[in-house]
Amino acid sequence: MLRLTLQSPLKPPLLSSLFLLKPSFPTTNLVVNHPEPPPTTTGLSRILNFFLQNHTKGSTKLFKDNPFLKKIILELNSLEIEGIVEKLSVENYESTLEFFFLLRNDYAFKHSRVSHIVIAHILAKKQRFRALKFHLQHFVQQEGSGSAHSICELILCRFQKWDSNHVVWDVLASAYSRCQMVDDSLFVFAKMKDFNIQASIITYNNLLYSLRHTDNIWDVYGDIKASGINPSEYTNSILIDGLCKQFLMQKAVDFLRESEPCVVSFNTLMSSSCKMGSVDVAKSFFCMMFKCGLHPNVYSYNILIHGLSVAGAMEEALEFTDDMEKHGLEPNQVTYNVLAKGFHLLGMMNGVWKFVNEMLHKGINPDIFTCTMLICGYYNDEGIKVREDTRFHASDISDTMLLSSLCKSGRFDEALNLFHEIESSGHKPDPIMYSILIRGLCKRGLVEMAFQLYKDMLCCKRILPNIVAHRSILKSFCEKGYICEARVLFDALINCDLMDDVFLGNIMIDGYAKLGDIGEAVHVYELITGKGIMPTIVTFNSLIYGFCKARKLDDARKWVDTICAHGLIPSARTYTTLMDAYGEEGKMEAVFELLEEMKARGIEPTHVTYTVIIKCLCKRRQMHESVRILKGMLPDDFQPDEVFYNTIIKNLCEARDMKGASQLHKEMAVHKLQPSRVTYNIILNGLCTHGDLKDAEELFSTLQDVGLMKCDYTILIKAHCAKGSVDKAVVLFKKMIEKGFEISIRDYSAVINSCNRDRNSVFQLSSLMIKCGLDTDSNCG
DNA sequence: CTAGGGTTAG
Numbered sequence: 001m002l003r004l005t006l007q008s009p010l011k012p013p014l015l016s017s018l019f020l021l022k023p024s025f026p027t028t029n030l031v032v033n034h035p036e037p038p039p040t041t042t043g044l045s046r047i048l049n050f051f052l053q054n055h056t057k058g059s060t061k062l063f064k065d066n067p068f069l070k071k072i073i074l075e076l077n078s079l080e081i082e083g084i085v086e087k088l089s090v091e092n093y094e095s096t097l098e099f100f101f102l103l104r105n106d107y108a109f110k111h112s113r114v115s116h117i118v119i120a121h122i123l124a125k126k127q128r129f130r131a132l133k134f135h136l137q138h139f140v141q142q143e144g145s146g147s148a149h150s151i152c153e154l155i156l157c158r159f160q161k162w163d164s165n166h167v168v169w170d171v172l173a174s175a176y177s178r179c180q181m182v183d184d185s186l187f188v189f190a191k192m193k194d195f196n197i198q199a200s201i202i203t204y205n206n207l208l209y210s211l212r213h214t215d216n217i218w219d220v221y222g223d224i225k226a227s228g229i230n231p232s233e234y235t236n237s238i239l240i241d242g243l244c245k246q247f248l249m250q251k252a253v254d255f256l257r258e259s260e261p262c263v264v265s266f267n268t269l270m271s272s273s274c275k276m277g278s279v280d281v282a283k284s285f286f287c288m289m290f291k292c293g294l295h296p297n298v299y300s301y302n303i304l305i306h307g308l309s310v311a312g313a314m315e316e317a318l319e320f321t322d323d324m325e326k327h328g329l330e331p332n333q334v335t336y337n338v339l340a341k342g343f344h345l346l347g348m349m350n351g352v353w354k355f356v357n358e359m360l361h362k363g364i365n366p367d368i369f370t371c372t373m374l375i376c377g378y379y380n381d382e383g384i385k386v387r388e389d390t391r392f393h394a395s396d397i398s399d400t401m402l403l404s405s406l407c408k409s410g411r412f413d414e415a416l417n418l419f420h421e422i423e424s425s426g427h428k429p430d431p432i433m434y435s436i437l438i439r440g441l442c443k444r445g446l447v448e449m450a451f452q453l454y455k456d457m458l459c460c461k462r463i464l465p466n467i468v469a470h471r472s473i474l475k476s477f478c479e480k481g482y483i484c485e486a487r488v489l490f491d492a493l494i495n496c497d498l499m500d501d502v503f504l505g506n507i508m509i510d511g512y513a514k515l516g517d518i519g520e521a522v523h524v525y526e527l528i529t530g531k532g533i534m535p536t537i538v539t540f541n542s543l544i545y546g547f548c549k550a551r552k553l554d555d556a557r558k559w560v561d562t563i564c565a566h567g568l569i570p571s572a573r574t575y576t577t578l579m580d581a582y583g584e585e586g587k588m589e590a591v592f593e594l595l596e597e598m599k600a601r602g603i604e605p606t607h608v609t610y611t612v613i614i615k616c617l618c619k620r621r622q623m624h625e626s627v628r629i630l631k632g633m634l635p636d637d638f639q640p641d642e643v644f645y646n647t648i649i650k651n652l653c654e655a656r657d658m659k660g661a662s663q664l665h666k667e668m669a670v671h672k673l674q675p676s677r678v679t680y681n682i683i684l685n686g687l688c689t690h691g692d693l694k695d696a697e698e699l700f701s702t703l704q705d706v707g708l709m710k711c712d713y714t715i716l717i718k719a720h721c722a723k724g725s726v727d728k729a730v731v732l733f734k735k736m737i738e739k740g741f742e743i744s745i746r747d748y749s750a751v752i753n754s755c756n757r758d759r760n761s762v763f764q765l766s767s768l769m770i771k772c773g774l775d776t777d778s779n780c781g
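Following UniProt numbering, the numbering of the first sequence begins with 1 at its first residue and continues without gaps.
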């Protein structure tokens, strides 16, 4: 059994064992690219043909157990397989389907386009619409965006006369919409119009859905009306959803009035109202539903109960929960999670436990949302109490809670012990417990150990890690600079179809962006959007950060338009990132231009925005003028934060205005801001370089209680060296070593360099270096 | 098509 101890974290090179991960993943669908051999006339395909002809139904089973035939398949290229598929399809649909999917799923065979379209026709003919839908989605994902043109061409050339032609066209247009390839979808629509093929309402709905963030919804809606087909209930609610997403609530309500109202439309309106903070409006929609003769469903109740819970109106939330049951609707996982969250927000742990308990009693297992609440530490230190509480004694949840508490307080030894104890008591290891440990270890920077656990659950225990585990590992890999390992994991998740949400993609994109590797960042972006995952504003903000980091500012700026094209609204973060980048390049006009642009869009600058602005201003101007300009810009209710102050204090120090700096330091208290170690470090540095060294020493000694950082020591040491007080420097240096800070050669040389080439001092420090440190090679950082 | 969480800037 795997035993982990905190004393022996794995060294990074072992991470290369990650490459073993891929074959260990328990799912299929790993795409293997077969090298395409030149077309052969070896007769292999004739043998295969002969074989398939002689076994209609059940042929593939025979085929599966036949190593000889397997060998034949691997010898053939996709063109030869295509020939077989086509020929077979004339004689036997079922065999063709089995043959195709067996090759794809079990042999990871990459079929040709023609084969795919043949299969689509068979599925259409057999009216297996669900399978057809998935088949074509899979197909267009594989083909990627921009493929519509050539695929349409192919269908026109070779499939025009096939019976199910119109169905295939229709579902193809849907597939492109569902995979977020809107341009391709529109291309298919246009071709269909040329050939008088009527799109179904389902296909229109898919298109409408993928365009719901944009003005184009009305064009599509107009098209539907003009074509004479009846909009469905879905059509209306998608339209309402789109209008809500564009914050056009009034238009949404107007449309609801004119169209046939349905529960989903009301739910969408309620959800949007709650998100905008108006639970009352949501409640009035709820009442309106009854007046329209409609009955709220579980979604309706949950939306409302959530709205009330986050607003702190727990009594009312509970009333609606009762009401729900009176109307014959059972509260579900979501209901309980939402109620638990509400009580937690109020700090009423009894309430939380009441609902987690009720959930267990009803046989509803805590799901990923409950777990996220547990794992992400909503329940702080309650775990230990809970485990002692007899009501929860020996239940899985109490173990989970205890584990969570231990991880939260950094007691990993105890956490791991508990974990092994649970394991050896015959309990099946639980993915939630794993993810708690993995997340905890990652948070502490112990990603190597966390990954060991991750692999242990995956490879040894055959438990699929949950989203929390994936996220923690991926994020930590990125943060620690193991970008290649992160990518291998990411690709494995994609290939196993375990990547269905945008968050993992965002983490991966951000990882590349932070390194300035914008090429890969964009590549990952294309990868996830090709999978039909909708990018969010976070995706774009990270991409823009990446372009800025790569110093491609004009490209970065152009991506703001892409955000809008996706129906998303650029955020204050978007603009702040751009402004910071332009400021760094000294392009103040651009900074102010962006500020105007964001305000024009109704996006309020945040305290971060203003921090960036002051940072930029100070680069070019006198400090006092900069502050004056900034003061003119700040809104009355501006709430500065600690970093805002730190930035100004730092600039004041650099302008040698130590008096102003200490004044601002005092002012922080007025805003109830606690100066942090960073603040003190800035002031210390200021005093050392532009102020009185005595003041610096004084500050240094008072800081001893607050806790000193390594750079506090080095700053003062360097200052002493520069002033020629090497003795004082040496005393401090020894103290720093005593405190257990890791001292690198770089630290030594930095100090020695600041000795003004005074040979005596250099000698003194060098001997100290030989005496005290560098006896191991571990600190050559 | 509609509900619960998490990923980004100084």
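Just so it is clear, CB atoms sit at the ideal spot from N, CA and C, and this is done for glycine as well.
Nothing here was measured: the structure is a model prediction, and the numbers come from that model.
Suppose contacts are defined by Cβ-Cβ distances below 9 angstroms. Is residue i in contact with residue j by that definition?
| i | j | result |
| --- | --- | --- |
| C484 | M508 | no |
| I648 | C688 | no |
| residue 857 | G532 | Absent from the model: residue 857. The displayed extent of the chain is 1 to 781, so no value can be given. |
| I229 | S200 | yes |
| K710 | N651 | no |
| N206 | S177 | yes |
| residue 784 | E654 | No statement about residue 784 is possible, as the shown extent of the chain runs from 1 to 781 and does not include it. |
| V167 | I151 | no |
| F412 | G445 | no |
| I81 | L97 | no |
| L102 | L136 | no |
| V591 | T536 | no |
| I743 | M736 | yes |
| L693 | D712 | no |
| V253 | L294 | no |
| L498 | L464 | yes |
Classify residue i as buried or exposed, calling it buried when 16 or more other Cβ atoms lie within 10 Å of its own Cβ.
| i | result |
| --- | --- |
| S761 | buried |
| F407 | First, the residue type needs correcting, since residue 407 is Cys and not Phe in the sequence shown. So C407 ends up on the buried side. |
| F763 | exposed |
| I73 | buried |
| N337 | buried |
| S766 | exposed |
| G307 | buried |
| H361 | exposed |
| H393 | Note on H393: pLDDT 45, under 50, position unreliable in the model; no value is reported. |
| M598 | buried |
| A661 | buried |
| F266 | buried |
| D117 | Residue identity check: residue 117 is Ile in the sequence provided, not Asp. Result: buried. |
Please list the terminal residues of the continuous alpha helix (DSSP H) segment that includes residue i.
| i | result |
| --- | --- |
| Q333 | Q333 to L345 |
| D280 | V279 to K291 |
| T577 | A572 to E584 |
| I202 | I201 to S210 |
| K615 | H607 to R620 |
| L418 | F412 to S424 |
| E319 | M314 to K326 |
| K251 | M249 to E258 |
| M449 | V447 to K455 |
| C262 | Where C262 is concerned, there is no enclosing alpha helix (DSSP H), given that its DSSP letter is neither H nor E. |
| Y512 | V502 to L515 |
| L464 | First-last for L464: undefined, no H or E at that position. |
| F355 | M349 to H361 |
| R601 | Taken as a continuous stretch (DSSP letters only), R601 belongs to no alpha helix (DSSP H), as it is neither H nor E. |
| K443 | P431 to K443 |
| L489 | I483 to N495 |
Any heavy atom of the ligand MN closer than 8 angstroms to the CB of residue i?
| i | result |
| --- | --- |
| G505 | In the structure shown, the ligand MN is absent, as is every other ligand, since no ligand is present at all. |
Task: Ranges of the alpha helix (DSSP H) found wholly within the segment 625-696, counting only runs of at least 4 - done: 642-654, 658-670 and 677-690
| Ranges of the beta strand (DSSP E) found wholly within the UniProt repeat "PPR" (536-570), counting only runs of at least 3 | none
Q: Could you name each continuous alpha helix (DSSP H) segment of 4 residues or more that falls completely within the segment 80-121, going from the start of the chain to the end?
A: 93-107
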